[in-house]
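For reference, the structure is listed below as structure tokens.
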Amino acid sequence: MATRTLNQNAGNQNAGGPRTAVLVGPYTAGKTTLFESLLHMSGAIPRKGAVAAGTSVGDNGPEARARQTTIEPNIAHTTYLGDHWTLIDAPGSVELTQDAQACAMIADIVILVTEGDPDRAVSLAPWLRFLDAQHIPHAIFVNKMDKTSHRLRDVLAAFQLVSPKKLVLREVPLREGDQVVGYVDLVSERAWRFRPNQKSDLVELPDAAVPREREARQELLEAIADYDDAILEQLLEDRVPATADIYAQLAKDVAEETLVPVFFGSAENSNGVRRLWKALRHETPDVSRAAKRLSVPDSTDPGSGSGASFSATVFKTLHQPHAGKLSLARLWHGKASEGMSIGGRRLAGLYRMFGGELQKASEAVAGDVIALARLDELLTGQRIGLDGKGIETAGWPLAPQPTYTLAMQPADRKDEVKLTAGLHKLIDEDPSLSISHDGDTGQLLLHGQGDIHLAIAVERMKSRFNVAVVTAPPRVGYKETIRKPVRQHARHKRQTGGHGQFGDVHIEVRPQPRGAGYAFENKVVGGAIPKNYIPAVDLGIRDALSKGPLGFPVVDVAVALVDGTYHAVDSSDQAFRTTGWLAMQEALPKCDPVLLEPILELKIQIPNGFTAKVHGIVSGRRGQIVGLAARDGWPGWDEMSCRMPASETLDLATELRSATLGVGTFTTRFDHLQEVTGKLADRIVEERKRAIAA
Numbered sequence: 001m002a003t004r005t006l007n008q009n010a011g012n013q014n015a016g017g018p019r020t021a022v023l024v025g026p027y028t029a030g031k032t033t034l035f036e037s038l039l040h041m042s043g044a045i046p047r048k049g050a051v052a053a054g055t056s057v058g059d060n061g062p063e064a065r066a067r068q069t070t071i072e073p074n075i076a077h078t079t080y081l082g083d084h085w086t087l088i089d090a091p092g093s094v095e096l097t098q099d100a101q102a103c104a105m106i107a108d109i110v111i112l113v114t115e116g117d118p119d120r121a122v123s124l125a126p127w128l129r130f131l132d133a134q135h136i137p138h139a140i141f142v143n144k145m146d147k148t149s150h151r152l153r154d155v156l157a158a159f160q161l162v163s164p165k166k167l168v169l170r171e172v173p174l175r176e177g178d179q180v181v182g183y184v185d186l187v188s189e190r191a192w193r194f195r196p197n198q199k200s201d202l203v204e205l206p207d208a209a210v211p212r213e214r215e216a217r218q219e220l221l222e223a224i225a226d227y228d229d230a231i232l233e234q235l236l237e238d239r240v241p242a243t244a245d246i247y248a249q250l251a252k253d254v255a256e257e258t259l260v261p262v263f264f265g266s267a268e269n270s271n272g273v274r275r276l277w278k279a280l281r282h283e284t285p286d287v288s289r290a291a292k293r294l295s296v297p298d299s300t301d302p303g304s305g306s307g308a309s310f311s312a313t314v315f316k317t318l319h320q321p322h323a324g325k326l327s328l329a330r331l332w333h334g335k336a337s338e339g340m341s342i343g344g345r346r347l348a349g350l351y352r353m354f355g356g357e358l359q360k361a362s363e364a365v366a367g368d369v370i371a372l373a374r375l376d377e378l379l380t381g382q383r384i385g386l387d388g389k390g391i392e393t394a395g396w397p398l399a400p401q402p403t404y405t406l407a408m409q410p411a412d413r414k415d416e417v418k419l420t421a422g423l424h425k426l427i428d429e430d431p432s433l434s435i436s437h438d439g440d441t442g443q444l445l446l447h448g449q450g451d452i453h454l455a456i457a458v459e460r461m462k463s464r465f466n467v468a469v470v471t472a473p474p475r476v477g478y479k480e481t482i483r484k485p486v487r488q489h490a491r492h493k494r495q496t497g498g499h500g501q502f503g504d505v506h507i508e509v510r511p512q513p514r515g516a517g518y519a520f521e522n523k524v525v526g527g528a529i530p531k532n533y534i535p536a537v538d539l540g541i542r543d544a545l546s547k548g549p550l551g552f553p554v555v556d557v558a559v560a561l562v563d564g565t566y567h568a569v570d571s572s573d574q575a576f577r578t579t580g581w582l583a584m585q586e587a588l589p590k591c592d593p594v595l596l597e598p599i600l601e602l603k604i605q606i607p608n609g610f611t612a613k614v615h616g617i618v619s620g621r622r623g624q625i626v627g628l629a630a631r632d633g634w635p636g637w638d639e640m641s642c643r644m645p646a647s648e649t650l651d652l653a654t655e656l657r658s659a660t661l662g663v664g665t666f667t668t669r670f671d672h673l674q675e676v677t678g679k680l681a682d683r684i685v686e687e688r689k690r691a692i693a694a
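In the UniProt record's numbering, the protein residues as written are 1 to 694.
Listed below in structure tokens is the structure:
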């Protein structure tokens, strides 16, 4: 990541300080193109870059360039008409939602970018509900209007069905045939004709557009009148509210999140982008409202306990090869300066970001988005003051439960320590990643939100931490148990010169109810085996249960030690442990062993238009549906409860998202172990043998 010095112009900041707008939305909606267009329109870049050509400000990392998609937040600072702004282009993939939500949390306004297709309205539902739940002001930008044949009113109606808040058009399109050639602003009632990548031309409002403009304007006025008695009174008296009053009330409605304005255009041609900039400039609230939303104490209040005049929230963590740990944060109160003391430690560096470029900053003020260098203890989602203590932000989005897992190991075994260190840094950057160690299979497991998510993590291990990784699907935690009781005798005798080894045991083995686990009972009487050797027999039996005749750990077995003999000289703990192991090894094949597979309980959340399709997916994966109900608080959505073998869930996330426009989600928990027989069991056992042989 390149570094340069930023020349600040403090006089270009509005009275409320720098503001932050975050672009979110579904994959392929055109967020990065809009990001480029906004930067170009504000003069931050001399020409728009292109993702496909590798010339964009954002998506500049090797992983993003290879995929031609946003995989981590793109951040840039700019000014528009004298106001200072931070623009953040957030990832659109559902597998990278954690980063996008974290960016939205520190925004003054979120721009939800989407295509003008009513059939894709469902893909907006998770975002609209998240923004509503977090009380984040937001607007919708309907992109690619030059490439759609759908009427904007139909698009709006479809979007309204998935929005908890009232959506209002701020403009209506001018059309020539089916093509959108401009727009009419519904407040000023002025018409503009688009010119690709140039300023739009002010034109006369065509007579044919007047009826639709008046209808839409009346709908807008009635919507804002619900929250302004003065405007309502004027409408009831058939008086036209003053333009200034309409703009003022719209700004208030956006800030208070009572209405969601809808704009449209073409980011590729910069159509409608200048109009969007002006709306952002006049209607985006200042930093104080976002700080209040996140319950950030006012540092000017002596009783706030906020740690003097500095307060910032970390929304993203990065580990750079040369810069070390960077905590990307929004500054709420006070100032930050290079070399200042935080928690008794000198701040190693203060930066702003412009795409892939770090810009050294001598000072930052409330509202700025900054990068704080080498505050190693600070975590994403924490607020920090001058005391240096990280305080968890209430309501910060929790990492979702993993839906996809890979087993991994370093290509070079010498890199095991580097791999572990690199994984912990990746998890520090992205809390929706996690790792675990499977005690049954011995595999190191990386968990995340999908195959793309984990592929990006593996690529970063190589590019950032120079660790090549070999991955494979995780082995399922199959078990085995027994179906009939057996009595077994075993004797271990070895003479090697001096003290030998001797042990002799009789055991009874019987099956236990499912889930009961392992039980050991001592029934030896008369001192046939000294009491001090009994625990060693138990340990030997446990050793044998780690791998049964089918190749898997054995569960739900009860063993009773009923008799045996010992030698006064040659018997020992180790001898009886070995004897217990031999007895169990010989007994298990006679106990009618059977394979068990883990069954998970799933809760699948989907729009009800996809329920029938998901029913087929579950059935095709040997799943059993046990319940279907309306999803609480989500009109038009279902929650399906089912049980499914763990082996069938390994790539379920990919198929589910493909079938539901990316919005289907699920959670899992272990439910029970279930017998597997027939050809499927034979195949699993053979695969296990081949894996062990390899």
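No residue lacks a Cβ here, since even glycine has one placed at the ideal position from N, Cα and C.
Nearest to residue i (by Cα), restricted to the options the options
i    : options                   : result
H567 : T20, G623 and V505        : V505
T496 : I456, P535, D570 and L445 : D570
V676 : V594, E639, D632 and I604 : V594
A691 : E215, R475, S93 and E357  : R475
I529 : G623, S572 and Q674       : S572
R542 : N532, W396 and V555       : V555
A323 : L331, D376 and R345       : D376
P645 : G339, L379, L673 and G664 : L673
T649 : V685, T611, L600 and W634 : L600
K439 : K479, I617 and K462       : Checking the displayed sequence, the identity of residue 439 turns out to be Gly instead of Lys. If we check each option's Cα against that of G439, K479 comes out closest.
T660 : I71, V94 and E72          : V94
L444 : D428, N197, V470 and Q101 : V470
Residue i classed as buried or exposed, judged by whether at least 16 other C-beta atoms fall within 10 angstroms
i    : result
V273 : buried
N143 : buried
S200 : buried
D226 : exposed
S311 : buried
R494 : exposed
G390 : buried
L454 : buried
K335 : exposed
V168 : buried
P285 : buried
S270 : buried
L328 : buried
D154 : exposed
Length of the line joining the Cα atoms of residue i and residue j
i    : j    : result
D387 : E363 : 19 Å
D298 : S123 : 37 Å
I88  : A267 : 16 Å
S341 : G385 : 10 Å
P553 : K547 : 5 Å
E213 : R175 : 12 Å
K165 : T481 : 55 Å
E416 : P485 : 44 Å
G17  : G448 : 37 Å
Q605 : M640 : 6 Å
L331 : A421 : 30 Å
R19  : D108 : 6 Å
V262 : E459 : 38 Å
C591 : L539 : 20 Å
V685 : S647 : 14 Å
R683 : L152 : 55 Å
Neighbour flag for residue i against chain B, beta carbons, 8 Å
i   : result
V57 : Given the protein chain composition of this structure (a single chain), no chain B is represented.
Which residues DSSP lists as bridging residue i, in chain order
i           : result
A560        : E508 and E521
E675        : L596
W396        : Per DSSP, none; premise fails for W396.
residue 762 : The requested residue 762 does not occur in the structure, where the chain is confined to residues 1 to 694.
D682        : Paired residue(s): none; D682 is not in a bridge.
P645        : I599
Q605        : E639 and T665
Any non-hydrogen atom of the ligand GTP closer than 7 Å to residue i Cβ
i    : result
V155 : Questions concerning the ligand GTP fall outside what the structure shown contains, since it holds no ligand whatsoever.
Quiz prompt | Contained alpha helix (DSSP H) runs [length at least 4] in the stretch 72-153, N- to C-terminal order | solution = 97-105 and 125-133
Self-check item: Length-filtered (4 minimum) alpha helix (DSSP H) runs lying within the stretch 402-441
Solution: 416-429
Quiz item: Which ranges does the alpha helix (DSSP H) cover as unbroken runs of at least 4 residues, wholly within the stretch 154-179, from first to last along the chain?
Solution: none
Quiz prompt | 3-residue-minimum beta strand (DSSP E) runs that sit fully inside the stretch 249-331, ordered along the chain | solution = 259-264 and 310-320
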